[in-house]
Amino acid sequence: MIDTDFNFDEWKVGLSLGCESNNPFLLKYFSTNTNGENAIINMEYANMGNLQNLIEKYQNLSLPIIRVIMKQLLEGLRLIHDKGLIHRDLKAENIMLHSPLGSGRVQLKITNFGLIKVQKKVQQSTHMTVAGTIPYMPPELLLGNEEGEVKVDSKV
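Numbers in my numbering are just positions in the sequence shown, counted from 1, shifted up by 1161.
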């Protein structure tokens, strides 16, 4: 993962999103604390691990399961974008899965808000930063196409 322009204030925006959001598709953060350069985050427990683990374990997920995952993921992203925020490091490892005991349901939970960016700041910026995990980055971000950079994880 690379981040050429880490900003502590933007990191706090991501934390506040996890702490204050009513978005059912975000992993909730209950409290945060800093200890020097380290952050301690008390967060919601997701009892089924992450989406990457599920994909590796079952490899060929059925179409109905993929539909449920995509519906929840897109709704979670819509709610993030409605707040004027962009995730910037969305990947299977940052998507947790939780099944409330006895419910028989699985709920997707987006996590890792450390690279959240305020959309207005991204659009107004003349200097775009590269942030995220390289294998998951869209080509226009890696190639530095300024017209495409803002649009890769924002409203169309």
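All residues carry an ideal CB built from backbone N, CA and C; glycine is no exception.
Integer-rounded CB distance, given that residue j should sit under 8 Å from residue i
i: I1202; j: Y1190; result: 6 Å
i: L1258; j: L1187; result: Not quite, the Cβ-Cβ distance comes to about 13 Å (not below 8 Å), so this is no contact.
i: G1237; j: L1269; result: 7 Å
i: I1216; j: L1224; result: Wrong, their Cβ atoms sit about 14 Å apart, outside the cutoff.
Test: residue i CB closer than 9 Å to a CB of chain D
i: D1243; result: The structure shown has no chain D; it contains just one protein chain.
Nearest candidate by alpha-carbon position, reference residue i, set the options
i: I1271; options: L1262, S1260, G1265, K1252; result: K1252
i: N1184; options: H1242, R1266, S1260; result: H1242
i: I1328; options: G1245, E1198, M1231; result: Given a span of 1162 to 1317 for the chain in the structure shown, any question on residue 1328 remains unanswerable.
i: E1205; options: P1261, R1266, G1265; result: P1261
Residues that residue i bridges to, as DSSP identifies them
i: K1270; result: M1257
i: N1183; result: DSSP, once it has assigned bridges, lists no residue as partnering N1183.
i: Y1190; result: M1204
i: N1211; result: M1257
i: N1196; result: N1199
i: L1224; result: According to DSSP, which records beta bridges pairwise, L1224 is partnered with nothing at all.
Cβ neighbour criterion (16 or more within 10 Å) applied to residue i
i: Q1220; result: exposed
i: N1273; result: buried
i: I1247; result: buried
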